[in-house]
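Quick notes on the structure that follows.
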Amino acid sequence: MNPLKNILLVDDDPVEYMKVSRAFKKLDIPNPLLHKSDGLEAKKYLEECTELPGLILLDLNMPNMNGFEFLTFIKADERLKIIPIVVLTTSNNEKDKIESYKQSVAGYMVKPIRLEEYEKVISTIKDYWSTSKLGHE
Amino acid sequence: MSSIEIYKKALAREKIARKMAEKIIEDKSSELYNSNHELIRINKSVEKEVRARTKEIQDLFDNMYDGYITLNSQGVVTKSNKAARVILGYSSDEEIAGLSLKDILHEDDIEHSKKYIELLLKQGYYNNYVGRVYDAQRNIKYLEINSNAIYDADNNIIGSRDIIRDVTAKKMAEQQLALSEERMRAVFDNKSVGIAIFNGNGGFVSINKTFQQQLGHPEEYFMTKVATRILHPEDIKKYRALMDSIYKNEVQEAQVESRYLRKSGEAFWANSNISGVYNDQKNLVYYIVMVEDITAKKIAEEQLRLQEEKYRNIIANMNLGLLEVDINDKVQYANQGFVEMSGFTLDEMLGKEARTLLMDVTSSKTIEEKTTERQKGKSDAYELYITKKDKSKRWWLISGAPKYNDKGELVGSIGIHLDITEQKETQSKLQNSMQSLELANQDLKDFAHVVSHDLKAPLRSISGLIQILQEDYRDKFDEDGQQIVEDVINRTEHMDELIGGILSYSSVQKSEEKKTFFHSKDIIDKLLKYIEFPQHISLEIEGDFPSLNMNPTHFQQLIQNFITNAIKYNDKEHGKVKLSSGQNDQFYYFAVQDNGRGIDQRNQEKIFNMFQKFDAEGKSSSGIGLAIVKKIVELYQGKVSLQSEVGEGSTFTFYLPKN
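Structure follows, in structure tokens:
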């Protein structure tokens with residue numbers, strides 16, 4: 018992935034943003050990390066932005082517009098549906114996983130409680146997306 | 007004398023002599039003529055006589071009742087009279103000419119006939135041979151033949167004269183007679199019916215075997231007795247009355263049920279058919295009595311009667327209402343139960359339409375449909391909302407069946423009625439509670455889901471923040487401070503697991519859609535690939551693993567929980583885990599055996615409760631795994647058991663019902 022592409026984190030918990038951005042720093046991920054605290058805010062941003070983010074990290078349980086509603090919106094939008102979305106959630110629920118993949122997510126990661134483990138998850142995402150080509154490079 | 011003279015004289019003599027001779031010849035020839043003439047006349051009259059006699063003989067011969075034929079030594083017919091031809095089916099002499107008797111002999115009589123031919127050859131005749139031949143129309147005829155040999159001048163037999171008589175009709179009659187005698191004998195010897203023949207005084211004339219067996223006396227016994235001697239004293243009067251009226255020819259036949267006495271003194275019930283045999287003067291000669299033992303029938307009847315009485319009592323006294331209606335729904339009968347249920351008296355109901363008495367429009371419609379069903383011969387049960395005499399409303403459960411008469415014609419229906427108003431109310435209450443229970447369960451599940459997420463999120467934040475604190479301010483804490491921070495992190499981690507446990511516990515539920523057939527071993531093999539076995543623990547698998555019909559995820563959870571526990575709590579240098587399976591009558595069972603620490607007797611019950619763990623060494627556990635196990639197993643009406651000894655190990659076994 019182009020190191021200049023933004024990565025958009027959609028999560029209502031600011032601590033999650035802290036954890037992800039710390040992991041970015043530790044793992045030397047050069048991409049700028051944007052944070053929107055629910056689906057609605059993220060939607061507004063995407064509709065207005067000129068440069069689409071390279072990847073969206075999406076929480077499922079959020080106020081205003083939750084992860085699934087956000088997925089429904091984005092997958093119905095011709096311009097936006099090219100952006101790969103990785104679900105990053107505390108839910109290990111079968112139903113949530115199935116529902117997410119039905120909405121064509123690119124990955125589903127369960128947030129570990131330990132920071133080291135958390136960093137490993139982010140590292141995995143980094144490894145994958147620094148190799149994988151995007152459709153909108 | 008001259009020679010002329012002499013010649014003249016001689017000539018004259020000769021003339022005279024010739025004349026005389028001529029005269030003699032003339033006379034003789036005339037005589038001859040006359041006698042010839044006479045001869046012709048006589049001959050003619052003889053001829054005529056002979057012809058007349060021949061005709062006479064021929065007529066006699068032809069008109070003989072018996073057939074007459076002559077045969078040559080080859081058995082070929084050379085002569086026959088009309089009777090013979092008629093018997094053999096030929097119409098003329100020409101037709102019968104050349105017929106060989108051998109050819110028309112019936113194949114079964116060939117041997118028999120040979121003996122007679124031998125007799126003929128030996129003694130020159132045979133008498134009264136009877137055998138079959140085929141006539142010209144291939145009908146079988148019985149012939150009686152008397153035969154005499156014909157000899158030539160040298161006393162050799164050159165043929166025979168045979169008198170043949172058609173005895174077919176006689177033979178047939180004999181056979182018929184034999185047959186009908188046989189039939190009569192068969193009737194008389196009938197195994198199921200005893201037959202006795204009495205004379206007009208009631209004395210025995212003849213009895214058959216069965217009669218003898220029925221009574222148990224030897225045949226001689228009867229010959230000195232009269233009929234009434236073998237009857238039960240109470241039945242003598244009516245029996246004798248019948249015999250009297252047959253004797254008087256008032257009736258010729260009668261039936262009577264009476265008791266006979268066996269030799270043992272024991273009486274048996276029999277149905278007797280008595281008929282009279284009369285002579286030309288219509289006087290009774292014999293009674294013929296046919297005796298059928300009906301003891302078994304009588305017993306069956308008595309049992310039937312008792313049973314009927316029993317059921318009548320049950321029906322009369324049961325709490326169920328019984329109602330019989332005709333095809334127009336008119337009440338024919340109602341038992342006491344129905345009277346009490348409906349509030350109407352029997353008199354109030356008889357002949358009335360049941361639906362008018364008890365039903366509103368909707369129920370009437372239902373009953374009309376049911377009546378139609380009943381006419382098709384169908385039985386069923388249904389519920390009806392009815393109105394009692396006092397106008398109170400009740401729910402009745404009705405089981406209806408068509409009612410037929412002796413001829414199998416539908417004449418109405420019989421209904422058994424049970425008041426189920428209370429049950430209905432209970433049922434409806436139960437249904438309501440079931441519904442609220444379901445709602446409550448759903449609520450609980452949603453609650454667990456929401457709460458766990460809502461608790462999880464801030465917990466995650468706390469944990470995240472503390473870990474950041476730990477990382478960023480590591481230098482600012484002394485050793486105790488560091489330990490406290492580490493403890494807080496551990497506690498939050500544990501709490502996270504607890505919340506996760508509650509979530510999975512609450513999401514265990516039965517769902518028919520997720521039920522599938524699978525082979526348990528397949529799931530186990532798949533699962534074992536994902537479970538990490540430490541180096542010092544070995545796994546052994548044995549037994550027959552069955553196919554199951556359940557949610558495969560549930561099965562996986564069961565096995566996973568037991569195996570991970572067996573690994574987690576193993577404190578031995580060489581840890582052993584054994585997974586086995588088998589079945590008994592009702593259950594498939596799976597057992598996980600370990601040689602780990604074992605569980606103290608007093609904790610063995612509690613271990614399946616939520617949040618119960620007995621972990622002295624601080625191993626990470628939510629204490630919810632076995633609670634989930636128990637919940638899953640109980641969901642399928644199964645059970646879990648535990649055998650354990652501290653220090654030795656534990657065996658967890660779960661049982662799943664076969665169906």
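These protein sequence lines map, in sequence, to chains A and B. Here the first sequence is numbered in the working numbering, starting from 18 and rising by one per residue. Here the second sequence is numbered in the working numbering, starting from 7 and rising by one per residue. Note that CB positions come from ideal geometry on N, CA and C, so glycine has one too. None of these values were measured; they are calculated from a predicted model.
| Asked | Found |
| --- | --- |
| Go to B:P408, then tell me how far its beta strand (DSSP E) extends in each direction, as first and last residue. | K399 to Y410 |
| Note down, in chain order, all residues in the stretch 32-63 of chain A with a beta-carbon under 9 Å from any beta-carbon belonging to chain B. | V32, E33, M35, K36 and R39 |
| Might you give, ordered along the chain, the residues of its own chain that have their beta carbon closer than 8 Å to the beta carbon of B:I169, omitting 5 neighbours on each side? | D72, G73, Y74, I151, N152 and S153 |
| Would you say B:Q589 lies against chain A (beta-carbon separation less than 7 Å)? | no |
| Do you know how far the Cα of B:G644 is from the Cα of B:P6? | Lying before the first or after the last residue shown, residue 6 of chain B is absent from chain B, which here runs from 7 to 665. |
| Under 8 Å Cβ-Cβ, which residues of chain B neighbour A:N83? | Going along chain B, no residue has its Cβ under 8 Å from A:N83, so there is no contact; the nearest lies around 11 Å. |
| Go through its chain and collect everything with a Cβ distance to B:A407's Cβ below 6 Å, but skip five positions before and after it. | S385 and I420 |
| Helix, strand or coil: which one does DSSP assign to B:G624? | Low confidence applies to B:G624: its pLDDT is 48, below 50, so where it sits in the model is not reliable, and the reading given next is rough at best. B:G624: coil per DSSP, three-state reduction. |
| Which bits of chain A does B:S544 rub up against, with CB to CB less than 8 Å? | In chain order: nothing, as chain A lies at least about 29 Å away. |
| Under 8 Å Cβ-Cβ, which residues of chain A neighbour B:H459? | N78, T107 and S108 |
| Counting along the chain, where does the alpha helix (DSSP H) carrying A:P31 start and finish? | P31 to K43 |
| For A:D29 versus A:S54, is the C-beta distance shorter than 7 Å? | yes |
| Closer than 7 Å by beta-carbon distance: list the chain A residues that pair up with B:L471, in chain order. | V32 |
| Going straight from the alpha carbon of B:E623 to that of B:N576, what length do you get? | Low confidence applies to B:E623: its pLDDT is 49, below 50, so where it sits in the model is not reliable enough to give any reading. |
| Do you know whose CA, among B:E330, B:A202 and B:L267, lies nearest B:V283's CA? | B:A202 |
| Can you look up A:I130 in the DSSP assignment and give me helix, strand or coil? | coil |
| Since I believe B:I537 is in contact with B:T570 (beta carbons under 8 Å), could you give me their beta-carbon distance rounded to a whole number of angstroms? | 7 Å |
| Might you give, ordered along the chain, the residues of its own chain that have their beta carbon closer than 7 Å to the beta carbon of B:N341, omitting 5 neighbours on each side? | I321, A322, G327 and L328 |
| Starting from B:A454, find everything on chain A with Cβ-Cβ shorter than 9 Å and list it in chain order. | Those within 9 Å of B:A454 in chain A number zero; the least Cβ separation is about 12 Å. |
| Going along the chain, which unbroken runs of the alpha helix (DSSP H) with 4 or more residues stay wholly within the stretch 53-112 of chain B? | 88-94, 99-102 and 107-110 |
| B:G631 to B:Q563, Cα distance in whole Å? | 9 Å |
| Mind checking B:Q599: buried by the 16 CB within 10 Å criterion, or exposed? | buried |
| Any chance the stretch 101-109 of chain A sits against the stretch 449-457 of chain B, with 3 or more Cβ pairs inside 8 Å? | no |
| Hey, does B:K462 have any beta-carbon neighbour from chain A nearer than 7 Å? | yes |
| Against chain A, which members of the stretch 503-522 of chain B pass a CB distance test of less than 8 Å? | G506, L509 and S513 |
| Please check if any C-beta of chain A sits within less than 7 Å of the C-beta of B:E499. | yes |
| A:L75 and A:I24 - do their beta-carbons sit closer together than 7 Å? | no |
| For B:R480, which residues in chain A fall below 8 Å Cβ to Cβ? | Chain A residues near B:R480: none, gap ~13 Å exceeds 8 Å. |
| If the cut is a Cβ gap below 9 Å, which residues of chain A does B:E477 touch? | R39 and L132 |
| Within the continuous alpha helix (DSSP H) that includes B:E263, where are the two ends? | First-last for B:E263: E259 to L267, but that is the beta strand (DSSP E), not the alpha helix (DSSP H). |
| Work out the CA separation of B:Y132 and B:T230 for me, nearest whole Å. | 52 Å |
| Thinking just about the alpha-carbon of each residue, which of B:T377, B:R235 and B:E518 is nearest to the one in B:L267? | B:R235 |
| Between B:S467 and chain A, is there a C-beta pair that is closer than 7 Å? | yes |
| Would you give the residue range spanned by the alpha helix (DSSP H) that B:H500 belongs to? | E485 to S512 |
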